[in-house]
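One structure is given below, encoded as structure tokens.
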Amino acid sequence: MKSKIITLLMAALFCLNFQLSAQKIKNEKFDIAYTQLPAKPLDNEFTTYKVNFYGSGYVNGHSIFESGNLTQAGLEKNINLGGFKKVNGNAHVRVNVSVGNARVVKNEMATKVTESKSKDGKVSKTTSYYMEYHYYIPVKYMVYDYHGNLLHETYVTDAKDIEKIKGGSFNTYSKAYEDWKNRRLSKVNSSAASYVRNAVNSVNGDINYLYGYLARSEREELKVTKKFEDESFLQAYETAKAAFEKVKADAPAEALATDLKPAIDFWMNYDKYPVDDKNLKKVRYACLYNLAIAYYWMDDLENAEKYAKQCIEIDYKDGAVKRHVDKIEQLKKSFELNGVTSRHFAIDVASATPPSNNIDVAAPEEDEEDSASMTGTLVLANGDEIEGDVIVNTEDGNDLVFGPKGNIIFNYKVDGKEVANTLDPSEIQGFAFNGRSFKVMDFTPGAKGNKMAGKHLLEVIYDSPRIQLFKYYPFDDQLGDKKVEFALLKKGEPAPTSTSSTPFLLFKKGLAKYFEDCADLAELVGAGEIEHTEDGLIQAARIYAEVCVERP
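Pasting the structure below:
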């Protein structure tokens with residue numbers, strides 16, 4: 000009989016040792032509500048706020064607020080400062096949001112070449128074409144108090160926040176261009192509306208981080224054991240979970256300590272598990288960790304820190320508790336900064352009264368309605384390449400006018416100083432912006448009065464290895480003729496030829512002669528199928544480049 004008892008005891012000890020050696024700790028989650036404390040709390044007298052929007056956000060030549068995708072009233076509803084009352088008139092806090100005009104960084108046709116191999120090993124290449132449109136919209140906000148003091152100012156979006164739109168992919172340039180032309184307006188408007196909406200959401204997040212008292216909910220973890228005292232640990236977890244989930248962000252957590260007491264009493268037995276036992280120290284760690292978490296959410300930071308540091312002393316491999324110590328330190332500083340001892344309290348602003356008057360502040364400077372600003376690249380006469388902003392005033396129409404009295408300038412900085420370059424052909428090699436490319440080339444204008452050969456500014460309208468089409472722009476109205484003038488340049492020719500020059504006075508005859516190396520095109524020109532317009536000349540250039548067979 001005695002032998003049998005000894006055998007049973009040994010078996011029990013074996014089972015216990017097996018349980019301990021196989022002991023594992025797992026995490027169980029719970030949710031708890033709390034009030035987020037501001038990083039820069041305002042005086043207690045500040046109880047009301049107002050949101051003002053400025054700027055038109057011009058995209059594609061019209062205000063983004065006229066596209067039907069976005070309204071200032073709708074955006075205003077997305078800004079809500081927690082713990083403050085929103086008003087329409089005077090307010091203790093004024094949030095002024097400025098939406099600038101879109102800056103186009105890229106607007107051009109792109110290509111992608113893919114290779115495929117047939118069964119016999121022959122490699123074929125396929126080129127696909129698609130439009131790329133890159134832009135950004137500068138959005139900033141300023142926060143003023145009712146005395147007119149600027150509390151905070153920052154951009155939430157600027158040149159580093161580029162939005163990229165891609166058009167449909169097609170096997171020809173013309174199809175990709177046509178698709179983009181038909182869908183560009185809706186795609187860009189939709190994208191820009193989403194861009195501004197996200198920027199305004201960032202404003203809301205920023206001001207609440209700085210000044211707001213937001214009701215939040217956080218998912219937290221407690222430790223439970225597997226195989227060893229698992230039912231007791233699980234019961235303690237369920238008790239704590241139920242207690243935490245009763246807590247509200249906007250009410251004192253008066254009952255939390257009472258509701259948590261059974262769980263805390265259980266975890267307080269951590270001394271039963273010696274730290275020098277490599278298996279039992281896991282259980283000890285779980286108890287101490289849970290105590291640190293519980294006291295943290297009870298806003299008892301002294302005990303939270305005490306048990307968290309005891310966890311670290313156990314030297315159990317779990318980085319969570321070290322992160323938790325950092326959270327405790329941050330919360331202690333936040334309590335001191337805000338003059339509170341809890342994250343669970345009510346803020347009643349229903350009867351909040353705004354100040355009797357506001358000191359006026361200057362409205363943010365707006366981009367001119369008839370002005371567009373785009374990122375561009377300028378190449379100076381010495382070859383230096385410079386990035387800057389191209390400013391175009393379109394008040395008198397959309398065409399570009401170059402010269403000191405023109406409507407386009409290129410702004411950039413040199414040694415910290417602003418430079419406004421009027422794009423004089425004698426001083427530059429070329430520039431590009433908004434997907435448009437301009438070159439300074441040897442050229443003889445051909446329209447009436449335009450007989451001055453030399454360096455002139457030409458915009459690339461169509462570009463291919465076989466032929467290029469340009470649009471000529473006079474500088475400073477020096478030639479006294481504002482007639483639109485185009486020029487063609489075939490591969491191997493020394494300089495572009497104006498389609499307004501003497502050989503083209505009889506346009507059909509002159510153009511047919513120019514394209515006599517392509518019989519089909521010359522026939523179309525002779526039949527009057529090609530007009531002396533930008534679209535007509537693009538059509539001719541495309542036929543020459545894509546259809547006509549190049550002579551050896």
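Start counting the sequence shown at 0; every next residue gets the next number (numbering that gives the first Met the number 0). We put the beta carbon where it would ideally sit given N, CA and C, even for glycine. As the structure is a prediction and not an experimental result, all values here were calculated from the model.
If you keep only unbroken alpha helix (DSSP H) runs of at least 4 residues inside the segment 299-337, you get 300-313 and 319-337.
Shown here for P502: same chain residues with a beta carbon closer than 8 Å to its own, the five before and five after excluded, namely T496, G509, K512 and Y513 in chain order. Restricting attention to S350, A175 and T498, the CA atom closest to the CA of M130 is found in A175. Between the alpha carbons of I408 and Q71 lies a distance of about 31 Å. In the structure shown, V360 adopts coil according to DSSP, grouped into three states.
The segment 20-40 makes contact with the segment 335-345; the number of CB pairs closer than 8 Å reaches 3 or more.
In this structure, Y212 lies near T34, with their beta-carbon atoms less than 8 Å apart. Under the three-state reduction of DSSP output, M267 falls in the helix class. Distance from V199 to L74 at the Cβ level is roughly 5 Å; contact confirmed, criterion being Cβ atoms closer than 8 Å. Nearest in C-alpha terms to A494, of all of Y210, Y134, P464 and M440, is M440. Note: Q467 is bridge-paired with D462 and L488 in the DSSP secondary-structure output. Taken through DSSP and simplified to helix, strand or coil, D475 comes out as coil.
In the three-state reduction of the DSSP assignment, D119 falls in the coil class.
Burial check for D270: the Cβ neighbour count within 10 Å stays below 16, so the residue is exposed. In this structure, the alpha-carbon of I346 lies about 6 Å from that of G82. Here T46 is buried: its Cβ has 16 or more other Cβ atoms, across all protein chains shown, within 10 Å. By alpha-carbon distance to D229, the top candidate from G382, Y315, C286 and T257 is C286. D42: not part of any beta strand (DSSP E); DSSP gives it neither H nor E. Under the 10 Å beta carbon count, E244 is surrounded by fewer than 16 other beta carbons and is classified as exposed. The Cβ-Cβ distance between I31 and E217 falls below 8 Å. Assigned with DSSP and collapsed to three states, T171 falls in coil, not helix or strand.
Within the model, the alpha-carbon separation for I529 versus D157 is close to 44 Å. Around H531, the same chain offers T498 and F506 as residues with beta carbons nearer than 7 Å, after the five sequence neighbours per side are excluded. Within the DSSP secondary-structure output, Y272 pairs in no beta bridge.
Segment contact: the segment 372-384 against the segment 428-436, three or more CB-CB distances shorter than 8 Å; contact assigned. Taking C-alpha positions only, E417 is separated from R215 by approximately 47 Å.
In the three-state scheme derived from DSSP, where H, G and I count as helix and E and B as strand, S201 is classed as helix.
Rounded to whole angstroms, the separation of the alpha carbons of Y210 and Y140 is 14 Å. DSSP places R283 in the helix class (H, G or I) of the three-state scheme. The residue from K277, Q329, D275 and D144 with its alpha-carbon nearest to that of I358 is D144. Non-local C-beta neighbours of K85 in its own chain, meaning closer than 8 Å and more than five positions away in sequence, comprise T47, Y48, K49, V50 and N79, ordered along the chain. Inter-segment contact for the segment 161-170 and the segment 122-137 is present: three or more beta-carbon pairs are separated by less than 8 Å. P424 places its beta carbon less than 8 Å from that of L456. With a contact defined as Cβ atoms closer than 8 Å, A303 and Y315 miss out at about 18 Å. The segment 116-125 and the segment 245-259 do not touch, with fewer than 3 CB-CB distances between them shorter than 8 Å. In the structure shown, S189 adopts helical secondary structure according to DSSP, grouped into three states.
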